[in-house]
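Trainee: First residue of the sequence shown: 2, per the working numbering; consecutive thereafter. Note that the Cβ used here is the ideal one computed from N, Cα and C, for glycine as well. First the structure, then my questions, so here it is.
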Amino acid sequence: DNPITHASSGSTSFDGSDDYISLADSDSLSFGDGSDDTALTISGWIKTDDVTNFFLINKGVYNSTGEYEIFVNGSNHLKIHLFDESVADCFIGRRTGDISANENSWTHLCFTYNGNGTNGGISIFINGVRSDTTDDSNGSYVAMENHSQPTLIGKNGTSYSEGSIANVGIWSRALSASEVQ
Numbered sequence: 002d003n004p005i006t007h008a009s010s011g012s013t014s015f016d017g018s019d020d021y022i023s024l025a026d027s028d029s030l031s032f033g034d035g036s037d038d039t040a041l042t043i044s045g046w047i048k049t050d051d052v053t054n055f056f057l058i059n060k061g062v063y064n065s066t067g068e069y070e071i072f073v074n075g076s077n078h079l080k081i082h083l084f085d086e087s088v089a090d091c092f093i094g095r096r097t098g099d100i101s102a103n104e105n106s107w108t109h110l111c112f113t114y115n116g117n118g119t120n121g122g123i124s125i126f127i128n129g130v131r132s133d134t135t136d137d138s139n140g141s142y143v144a145m146e147n148h149s150q151p152t153l154i155g156k157n158g159t160s161y162s163e164g165s166i167a168n169v170g171i172w173s174r175a176l177s178a179s180e181v182q
């Protein structure tokens, strides 16, 4: 089936200083109601000169109105976090090892979540290969909230991505490993 949305049918370049895509709030881009989560998949292609602190997508602001974020941190680990904003500093997530070897080449990223409220329900795929290595969580997670924030591609807070992002897709179900491939 088709994803809920595509941010772009081709690639979009981001200059690292002020470029991003904003998708208006929609219940179809939220996957929790504060009590339960539903399954989701988010995928996209990235090409970066430097993957450090690269932001693919996020909905809301962490520790306030956050729902989810997918990014590469300062240690070049690709991460997904799902936030339970009913409790301060509470999230579940998974991360990969260092992905700097993927710089300067188109890389397919795919994140699936089965909606079970645990780290174990989250999978990260890089170029079709399951690549998550470590749980990354804090607090006693119950479920994402449904906040009215936009979904942002290429930006998180005051930080902006530098590189290209293409064909971002969001599904309201967890794709299987064979579907990801």
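Go ahead and pull the three-state DSSP assignment for Ala167.
Mentor: Your numbering for residue 167 matches position 166 in the sequence shown. The answer is strand: DSSP assigns Ala167 an E or B state.
Trainee: Note down, in chain order, each residue of its chain lying with its Cβ closer than 8 Å to the Cβ of Asn120, except the 5 sequence neighbours on either side.
Mentor: Counting from one through the sequence shown, the residue named residue 120 turns up at place 119. If we look at Asn120 and ignore the five residues flanking it on each side, its Cβ neighbours are Ile93, Gly94, Arg95, Asp136, Asp137 and Ser138.
Trainee: Per DSSP, which one or two residues make a beta bridge with Ile58?
Mentor: The residue you call residue 58 lines up with position 57 of the sequence shown. Looking at the DSSP assignment, Ile58 forms a beta bridge with Ile71 and Ile154.
Trainee: Should Val169 be labelled buried (16 or more other beta-carbon atoms within 10 Å of its own) or exposed?
Mentor: On the sequence shown, position 168 is the one that residue 169 refers to. Under this definition Val169 is a buried residue.
Trainee: What's the C-alpha gap between Leu79 and Thr42?
Mentor: Working through the sequence shown from its first residue, we reach residue 79 at position 78. Working through the sequence shown from its first residue, we reach residue 42 at position 41. In a straight line, the C-alpha of Leu79 is about 16 Å away from that of Thr42.
Trainee: What residue does the beta strand (DSSP E) around Ser179 start on, and which one ends it?
Mentor: Here the question's residue 179 lines up with position 178 in the sequence shown. Here Ser179 belongs to no beta strand (DSSP E); instead the alpha helix (DSSP H) covers Ala178 to Val181.
Trainee: Are the stretch 42-53 and the stretch 27-34 touching, with three or more C-beta to C-beta distances below 8 Å?
Mentor: Not touching, per the Cβ criterion.
Trainee: Mapping DSSP to helix, strand and coil, what is Asp26?
Mentor: By 1-based counting over the sequence shown, the position of residue 26 is 25. Coil at Asp26, not helix or strand.
Trainee: Looking at the strands, I want to know which residues DSSP matches up with Arg96.
Mentor: Indexing the sequence shown from 1 puts residue 96 at position 95. Lys80 and Thr135, per the DSSP bridge assignment.
Trainee: What does a CB cutoff of less than 7 Å around Asn117 pick up in its chain, not counting 5 residues either side in sequence?
Mentor: One-based indexing of the sequence shown puts residue 117 at position 116. There are no such residues.
Trainee: May I have the straight-line CA-CA distance separating Arg131 from Ala40, to the nearest angstrom?
Mentor: Residue 131 sits at position 130 when you count from the first residue of the sequence shown. Residue 40 sits at position 39 when you count from the first residue of the sequence shown. Their backbone Cα atoms lie some 18 Å apart in a straight line.
Trainee: Does the stretch 64-84 come close enough to the stretch 169-179 that 3 or more CB-CB pairs lie under 8 Å?
Mentor: Output reads no: the stretch 64-84 does not touch the stretch 169-179.
Trainee: Starting from the Cα of Ser149, find the closest Cα among Val143, Tyr69 and Ile100 and give me that residue.
Mentor: Your numbering for residue 149 matches position 148 in the sequence shown. With distances taken between Cα atoms, Ser149 lies closest to Tyr69.
Trainee: Roughly how many angstroms separate the alpha carbons of Leu110 and Ile58, rounded to a whole number?
Mentor: Reading the sequence shown from its first residue, position 109 is the one you call residue 110. Reading the sequence shown from its first residue, position 57 is the one you call residue 58. Rounded to whole angstroms, Leu110 to Ile58 spans 11 Å at the Cα level.
Trainee: Assign Asn64 to buried or exposed, taking buried as 16 or more other Cβ atoms, counted over all protein chains shown, within 10 Å of its Cβ.
Mentor: Sequence index remark: in the sequence shown, residue 64 carries index 63 (1-based). The residue is exposed, with fewer than 16 neighbouring Cβ atoms inside 10 Å.
Trainee: Looking at the structure shown, is Ala12 part of a helix, part of a strand, or coil, going by DSSP?
Mentor: What you label residue 12 is simply residue 11 of the sequence shown in a count that begins at 1. At residue 12 the sequence reads Ser, which differs from the Ala that was named. Ser12 falls in the strand class under three-state DSSP.
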